[in-house]
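Remarks on the structure that follows.
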């Protein structure tokens, strides 16, 4: 007790950063315990703008459709990448590959924001080194489910680390 | 033999007559009470001491360049020996030198080498183990190991230099750990989050500086006050933002913070509080003038008002310094 009384300023000085660490931890992890996203979603991996793919997936009248893209002749395109469809289970935070036929049976909503107020966004990334921790950029390898002051890192099945390795298709209703 | 009250009254009289200074009294108290002052942080830097530190920094540069130029050709063992090995060896040489007062300052140059080189050694080890060594997670581990080492050293050897290193590595741990926890979470604005952390670190530094000003670690309080108030006022000013994205709360509260710093400069007898308080008050006047009054009053008139206000601030600062801090 005598020690605390004698060193109260030092103890408060050291406690403030520790309290901030606890506050940051609480603000990241606590809201996620009370707010749970409900809607799973479908996405495509490997559907890159820079590569010529034979098909383009989209949602029409709440159903997944596959449109064939005509390749212009006499132009050199990169060979097409393998495009895969996935369903992401938000409760388990894991993705499962599905066939086009399976995905076609799902009722989809292609809005950016889900009926319960969540959206899929990029994360930000800091690459700083002490004391330069303020530099940041979009992290194109990481996506977050964001809404109601909660963000959850998504474990997606993404092929490669290039720019357009993820394309959101729709929320499963 | 005079009583305690008589001695204290006599000191008061001498202080009023400006016959003794606070430093002389502290020195007399320390020599009587057996508190051994660190030569390293109390002694004024002479040419020899500066050369010691420059030498230490050059050794660090040499090791870094050796590693950078020969990264692909050197084996893991050689890299660890050149970095972690050199860092640990420098730490023990520093310990040996600091046993003797004549070589204590030279010892601190070896501590400097150790502080700079050991984290690189740990980085090499983590990199070889397959971790992304520059990630926030690895940085948290490296700074945590260094903080643990220097806290233990402080506990065993009771040297101010280890307090300083513990504070520096503790700050690194605070920043890297919070960055690692947040990761890429989109709700955290990186720039603002960084500023809030600088603000908190600044407050912590100032409080530690105040705590150390009353014990044998008093040489550290100047450094802590200086960096603490710089970080605190700088971060608060940056959090105010700029029109049209300004934060009204921080812009309104800022004059109170600056005048608080100026008031505290008298209370804690710190020139750093006065200097940074004055400079940031001037910066605030310029910021607010250019943000809000450059279009209404016209830029030239706004500049005249800002200039006059800055002369006033400068005069006030000098008056405070002469009246309250000149004896320090």
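Residue numbers (the working numbering), protein chains in the order written: chain Z, 1 to 173; chain H, 1001 to 1328. Virtual Cβ for every residue (Gly too), placed ideally from N, Cα, C.
Determine the direct distance from the alpha carbon of residue 1293 of chain H to that of residue 1299 of chain H, and round the result to whole angstroms. 7 Å
Return the residue from the list H/1267, H/1260, H/1139 that minimises the CA-CA distance to residue 1281 of chain H. H/1260
Sort out for me which residues DSSP pairs residue 4 of chain Z with in a bridge. Looking at the DSSP assignment, residue 4 of chain Z forms no beta bridge with any residue, so it has no partner.
If we call anything under 9 Å between Cβ atoms a contact, is residue 45 of chain Z one with residue 58 of chain Z? no
To be precise: take each residue of the segment 25-39 of chain Z, compare its Cβ to all Cβ atoms of chain H, and keep it if any distance is under 7 Å. Which residues remain? 25, 28
Rounded Cβ spacing between residue 1121 of chain H and residue 1107 of chain H (contact assumed at less than 8 Å): Not confirmed; about 20 Å, so no contact.
Please name the residue in H/1267, H/1255, H/1263 whose C-alpha comes closest to that of residue 1288 of chain H. H/1255
Residue 86 of chain Z CB to nearest chain H CB: under 9 Å? no
Selection of the segment 1196-1214 of chain H by Cβ proximity to chain Z, strictly under 9 Å: 1196, 1197, 1198, 1200, 1201, 1203, 1204, 1205, 1206, 1207, 1208, 1209, 1210, 1211, 1212, 1214
Closer than 9 Å, CB to CB, is residue 1057 of chain H near chain Z or not? no
Which residues bound the beta strand (DSSP E) around residue 84 of chain Z? 84-89
Is it true that the segment 1204-1212 of chain H meets the segment 7-22 of chain Z, where meeting means three or more beta-carbon pairs spaced less than 8 Å apart? yes
Could you name the residues of chain Z that residue 1186 of chain H contacts, counting a contact when the two beta carbons are closer than 8 Å? 121, 122, 123, 124, 144, 146, 151
Secondary structure at residue 1120 of chain H, three-state DSSP: helix, strand or coil? helix
Go to residue 1019 of chain H, then tell me how far its alpha helix (DSSP H) extends in each direction, as first and last residue. Looking at the DSSP string, residue 1019 of chain H is not in any alpha helix (DSSP H), and its letter there is neither H nor E.
Spatial neighbours of residue 116 of chain Z within its chain, please: C-beta separation below 8 Å, excluding the five flanking residues on both sides. 37, 38, 39, 147
Exposed or buried, what is residue 1105 of chain H when buried is set at 16 or more other beta-carbons lying within 10 Å of its beta-carbon? buried
Short of 8 Å in beta carbon distance, which residues of its chain neighbour residue 41 of chain Z, apart from the five on each side in sequence? Order them along the chain. 87, 88, 90, 114, 120, 168, 169, 170, 171, 172
Length of the line joining the Cα atoms of residue 1021 of chain H and residue 1015 of chain H: 7 Å
Coarse secondary structure for residue 1100 of chain H, derived from DSSP in three states: coil
With burial defined as no fewer than 16 other Cβ atoms inside 10 Å of the residue's Cβ, what is the status of residue 165 of chain Z: buried or exposed? buried
Residue 1262 of chain H - DSSP class collapsed to helix/strand/coil: helix
Helix, strand or coil: how does DSSP classify residue 1308 of chain H here? helix
Looking at the unbroken alpha helix (DSSP H) that takes in residue 1229 of chain H, where does it start and where does it end? 1218-1239
Can you name, in chain order, every residue of its own chain whose Cβ lies under 7 Å from the Cβ of residue 1227 of chain H, other than the five neighbours on each side? 1205
Quick one: grab the DSSP three-state call for residue 14 of chain Z. helix
Whether or not the segment 1150-1157 of chain H and the segment 1174-1181 of chain H are in contact is what I'm after, with contact meaning three or more pairs of Cβ atoms, one per stretch, closer than 8 Å; do they touch? no
Indicate whether residue 1110 of chain H and residue 1133 of chain H have their beta-carbon atoms separated by less than 9 Å. no
According to DSSP, is residue 1242 of chain H part of a helix, a strand, or is it coil? coil
Closest Cα partner of residue 1264 of chain H within the set H/1169, H/1073, H/1179, H/1324: H/1324
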